[in-house]
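Undergrad: This structure is in structure tokens; I'll ask about it shortly.
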Amino acid sequence: GEDVEQSLFLSVREGDSSVINCTYTDSSSTYLYWYKQEPGAGLQLLTYIFSNMDMKQDQRLTVLLNKKDKHLSLRIADTQTGDSAIYFCAERGDTGGFKTIFGAGTRLFVKA
Amino acid sequence: NAGVTQTPKFRVLKTGQSMTLLCAQDMNHEYMYWYRQDPGMGLRLIHYSVGEGTTAKGEVPDGYNVSRLKKQNFLLGLESAAPSQTSVYFCASSYMDRYTGELFFGEGSRLTVL
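From first to last, the protein sequence lines are chains H and U.
Quick note: the working numbering has the first sequence finishing at residue 93, numbered continuously throughout.
Quick note: the working numbering has the second sequence finishing at residue 168, numbered continuously throughout.
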């Protein structure tokens, strides 16, 4: 079945860039997402990219997609303490009720 | 703006007891989902629904049942709770929309089974 993998922890200093990586197995993935979960809350969509795109930039966020290697990354520029959260990579295909498959989540620690 | 509302937010059960989690959304979404979140395992899909009166199994459906009698509500039932079902449960909904497929999540329901 489909699988999404990402590292569990990342620690950076305030002001540095953070890069969170993800790999997925479903070659029919059409949509790829990054969701953010703050403590005690549900997930919220941070950004997404279509499978026919290589890059998407949105203010401090840059998403890179290497479809050949099935690799997705999220770069957060000028990381702030408010960026501390769990970041989930997710993918969705076009069939099967549009199920979204999530990775285990990367917990980002930002040190002041 | 209520969005997706889950009740209850916390519950403690004894092994063998039953309970129902209620999810309600006010965005007229077609699709609704129940996920469970466990440390180091991310979110795993339990059951989902693509419309009123329909349900389907996800990755980890055993021990759970669901019903979607009204479009705005999606119920998750545990008939005989087990300690392995201790988890945080999230409900989500989305449009029947191929453009972004964004999921809107509730705040979660923390269930402990003793």
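Yeah, the Cβ is synthetic: ideal placement off N, Cα and C, and Gly gets one too.
1. Looking at H:I67: is its Cβ nearer than 7 Å to the Cβ of H:R41?
2. What's the call for H:R(-6), buried or exposed, on a 16-neighbour Cβ count within 10 Å?
3. Specify the secondary structure class of U:S134 as computed by DSSP and reduced to three states.
4. Measuring alpha carbon to alpha carbon, tell me which residue in U:V66, U:V114 and U:W88 is nearest U:V58.
5. How is the beta strand (DSSP E) around H:H52 delimited, first residue to last?
6. Applying the criterion that 16 or more other CB atoms from any shown protein chain within 10 Å of the CB defines a buried residue, is H:S(-2) buried or exposed?
7. Helix, strand or coil for H:T97? Go by DSSP, reduced to three states.
8. Between H:G74 and H:T11, which are expected to be in contact by the criterion C-beta below 8 Å, what is the C-beta distance as a whole number of angstroms?
9. Closer than 8 Å is the cut-off here; do at least three beta carbon pairs connect the segment 80 to 91 of chain H with the segment 84 to 99 of chain U?
10. Report all residues from its chain with a CB closer than 6 Å to the CB of U:Y149; omit the five preceding and five following residues, and keep chain order.
11. Which bits of chain H does U:M95 rub up against, with CB to CB less than 7 Å?
12. For the structure I just gave you, are there three or more beta carbon pairs, one from the segment 121 to 133 of chain U and one from the segment 73 to 82 of chain U, closer than 8 Å?
13. Secondary structure at U:T108, three-state DSSP: helix, strand or coil?
TA: In short:
1. No, Cβ-Cβ distance for H:I67 and H:R41 is not below 7 Å.
2. With fewer than 16 other Cβ atoms within 10 Å, it is exposed.
3. It is coil, neither helix nor strand.
4. Looking at the Cα atoms, U:W88 is the closest of the given residues.
5. Where H:H52 is concerned, the enclosing beta strand (DSSP E) stretches over H52 to I57.
6. By the 10 Å Cβ count, H:S(-2) comes out exposed.
7. With chain H represented from -18 up to 93, any question about residue 97 of chain H goes unanswered, as that position is not in the structure.
8. Indeed, because the Cβ distance is near 6 Å, the residues count as touching under 8 Å.
9. At 8 Å Cβ cutoff, the stretches touch.
10. Contacts found: H83.
11. What U:M95 touches in chain H: A85.
12. Yes, the segment 121 to 133 of chain U is in contact with the segment 73 to 82 of chain U.
13. Residue state for U:T108 is assigned as coil, using DSSP reduced to three classes.
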